[in-house]
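So the structure is just underneath, and the comments pick up after that.
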Amino acid sequence: MKAKITIGRARNIVLAAVASLAAGCACDKCVCGNAAKADAEGFIWYSCADIGLATPEEPGEFYVLRYEHPAKEPLDDGRKALGRKWNFVEVRQLKDAVTIIEDGVLSKSGRRVPGRNWRRRLPPMSRNVRIKFVGEDYDLAADGREYALEGFKSLFNGKDLSGWRGCSQEDKFHDSRVRRAMIPEDRRAHQARADELMKEHWHVRDGVLFFDGLKGGYSIAAEKDYGNVEVVADWRLLRVYGDSGFYMRSMPQVQIWDPRMWNGLGSGGIWNNTTAPFAASVCADNPVGNWNRCRMRMVGSRISVWLNGVRVVDNVEYENCRAPGKPIPLIDRFELQCHGDPVEFRNIFVKELPEDPADIPDPSRAVRGGKIDLLADGMAGWEATDPNARMGWSVKDGVLSNDTGIDPEKTSRGVAGTTSLKTKRADFYDFDLSCEVLVPKKCNSGIYLRGRYEIQVLDSFGRGKTDCHFMGALYDLIEPVASAEKHAGEWQHLDMTIYKRHLTVKLNGVTIIDNKPIPGVTPGATDGDEFTPGPILLQGDHSNASFRNMILTPIVK
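Each number in the numbering used here corresponds to the 1-based position in the sequence shown with 87 added.
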């Protein structure tokens with residue numbers, strides 16, 4: 088028989104007097120004010136003073152019970168000042184099983200307690216007690232689950248970790264400046280290890296994304312990187328005084344925590360800000376163990392945050408805590424933070440937003456300096472990136488060529504150990520660069536702007552649909568919108584403009600990248616510092632290529 092319990096009947100649930108509770112109220116003040124009222128999830132709250140109310144009505148057999156009680160072990164060193172440790176507990180007495188979550192750990196118990204006697208489950212000094220009676224067909228995973236949000240795409244399918252990738256602090260892999268500069272082989276190896284770490288500590292449990300909070304675990308990121316974006320996500324802490332957060336563009340952080348840690352300061356603030364406001368304007372958190380909905384809207388370098396429908400951050404600058412004083416990345420990872428505490432997420436949706444017109448630079452209005460012919464003095468203005476590697480570069484009749492000594496039919500990488508080449512000048516920041524390039528059949532090279540952003544030089548003629556590894560692409564990051572390359576062995580013309588962290592590329596007169604924001608450095612970059620000048624670098628360890636008429640025009644304003 089299905090248990091049909093109304094809120095009115097639940098208010099009068101049979102509650103026997105419990106001496107330990109009657110001795111004094113241990114609940115939070117905000118909770119006691121909600122006594123005998125239903126919250127947004129349908130839980131009825133009871134303060135200590137409510138224990139002892141009686142009614143002859145039978146409440147039902149199946150329920151979900153939440154409460155906090157004093158733990159036996161002390162708080163860790165970092166939280167000792169908060170006093171006593173409390174554990175959050177959720178008891179689920181359902182048709183098929185009785186399960187208990189305590190401090191994030193799930194266990195099963197065969198012991199059933201009749202609905203009218205649920206108060207027997209409460210240990211002495213329990214606080215923040217609430218209960219929801221459900222029917223025998225209650226589906227825990229479906230309760231509160233949303234499968235779609237109009238205009239948004241879902242990042243979590245409620246079944247597995249598809250669409251997510253691990254993060255790791257190994258070799259600073261979590262830092263996009265380091266991660267993106269890694270050569271592809273190293274980055275793939277690090278990502279594989281990070282994914283294994285993710286699978287050890289992040290799981291899908293009861294239809295939600297669960298982090299166990301155990302030592303060794305770390306954050307996870309959506310597979311796709313995002314720039315201007317709106318994200319909606321539900322979260323709940325499973326630990327009293329717990330802590331977590333969201334990283335926008337791989338940068339700490341939109342804060343999640345138990346407000347009791349900070350004298351009532353609520354979640355949603357931009358905690359790592361140092362000059363811009365960092366605190367949530369109001370505490371809009373639901374109590375630990377209850378679900379919260381966070382909505383984050385980020386355009387340019389500014390963010391607004393709503394928590395449970397309340398705007399707690401209003402168009403605040405999101406600071407770059409890894410490079411103080413510098414802007415945050417234009418595009419980077421969206422991450423769910425590990426902070427050593429068990430936490431759950433669900434209903435994670437994302438909507439990409441266009442750039443604000445005010446943030447889009449206009450290269451045509453830039454002020455340019457005098458033209459610089461990079462080959463005017465032959466090899467005199469160039470040097471090896473690796474002085475210990477073989478020099479395969481030479482200039483003849485105004486053509487700069489690289490001879491790797493390899494057969495591109497057999498390999499695409501310079502087994503002879505030839506060096507890449509860079510300009511001795513390393514003071515180039517924003518500029519136009521035009522050149523002609525010749526790539527033999529099946530050959531592969533690249534032009535690194537500032538030594539950090541590789542414009543792909545590749546025999547990709549006739550390969551079909553373009554991707555971010557085709558001729559003219561910003562390697563691994565921005566794909567051309569059209570195929571404009573010529574046959575291998577023909578001279579081709581490239582025009583490139585880097586201006587205010589945006590990139591334009593024309594290939595043989597066709598605009599294939601049109602003033603797009605640069606997500607970050609590309610693999611093989613000299614370093615990950617996006618805010619200092621650098622050289623022009625020509626990739627030399629892959630295969631042969633030739634360049635001529637290389638003209639750089641600095642943008643001075």
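Ideal placement from N, C-alpha and C gives every residue a C-beta, glycine not left out.
Since the model is a prediction, treat every value here as computed from it, not as a measurement.
Would you report the Cα separation of residue i and residue j, rounded to the nearest angstrom?
i	j	result
Val386	Gly355	17 Å
Arg232	Val392	22 Å
Asn636	Gly559	17 Å
Asp293	Arg409	36 Å
Arg537	Ile638	15 Å
Met466	Val482	6 Å
Gly551	Ala569	10 Å
Asn489	Asn631	5 Å
Asp650	Arg217	No answer is possible for residue 650: it lies beyond the span of the chain, which begins at 88 and ends at 644.
His156	Ile187	14 Å
Ile447	Arg208	60 Å
Pro339	Leu169	24 Å
Asn215	Ala125	13 Å
Gly300	Trp289	9 Å
Asp273	Arg280	11 Å
Leu152	Asp616	51 Å
Asp514	Cys381	43 Å
Met335	Val221	37 Å
Leu325	Leu296	12 Å
Pro143	Asp226	Unreliable placement is indicated for Pro143, whose pLDDT of 42 sits below 50; no coordinate value is reported for it.
Val403	Lys182	48 Å
Ala367	Gln342	9 Å
Phe243	Arg433	7 Å
Lys528	Leu581	18 Å
Residue i by DSSP, collapsed to three states: which one?
i	result
Trp358	coil
Gly202	helix
His290	strand
Ala363	coil
Ala445	helix
Ala513	coil
Trp378	coil
Arg384	strand
Ala632	strand
Gln626	coil
Arg389	strand
Ser263	helix
Met478	coil
Lys167	helix
Ser451	helix
Arg207	helix
Met212	coil
Ala471	strand
Arg347	helix
Gly683	A query on residue 683 cannot be resolved here, the shown segment of the chain reaching from 88 to 644 and no further.
Gly465	helix
Gly59	In this structure the chain extends from 88 to 644, so residue 59 is not present and cannot be described.
Asp484	coil
Lys195	strand
Leu536	strand
Gly646	Nothing about residue 646 can be read from this structure; the chain reaches only from 88 to 644.
Ordered along the chain, which non-local residues of its own chain (more than five positions away) have a Cβ less than 6 Å from that of residue i?
i	result
Ser263	Ser337, Asp419 and Gly607
Thr553	Glu566, Pro567 and Ser570
Trp251	Ile307
Glu541	Gly533, Tyr535, Tyr562 and Thr609
Asp330	Trp344, His426 and Asp428
Lys438	Gly238, Phe239 and Glu317
Starting from residue i, follow its DSSP beta bridges and name the residues at the other end.
i	result
His156	Asn174
Cys522	Leu581
Pro604	His589
Ile565	Leu561
Gln256	Bridge partners of Gln256: none, in fact.
Val185	Gln180
Pro641	Phe518
Asp460	Ile638
At least one CB of chain B closer than 8 Å to the CB of residue i: is that the case?
i	result
Asp293	No chain B is present in this structure, which holds just one protein chain.
Using a Cβ-Cβ cut-off of 8 Å (strictly less than) and excluding sequence neighbours within five positions of residue i, which residues of its own chain qualify?
i	result
Gln579	Glu523, Val524, Leu525, Val526, Met558, Glu572, Lys573, Leu594 and Asn595
Leu162	Leu169, Gly170, Arg171, Lys172 and Tyr328
Which residues in the same chain have their Cβ closer than 7 Å to the Cβ of residue i, if we skip the five residues on either side of it in sequence?
i	result
Ser107	Because Ser107 carries a pLDDT of 31, less than 50, the predicted location of this residue cannot be relied on, and no value is offered for it.
Asp484	none
Gly191	Asp299, Gly300, Leu325, Arg326 and Pro429
Ala471	Met478, Thr506 and Leu508
Asn377	Asp126, Glu128 and Arg323
Should residue i be counted as a contact of the ligand HEM given a C-beta to heavy atom distance under 7 Å?
i	result
Leu423	No copy of the ligand HEM occurs in the structure displayed, which carries no ligand at all.
Secondary structure, beta strand (DSSP E): runs of 3+ residues fully inside the segment 267-341: 289-292, 295-298, 307-309, 316-324 and 330-335
Uninterrupted beta strand (DSSP E) stretches inside the segment 401-447 (no shorter than 3 residues): 430-439
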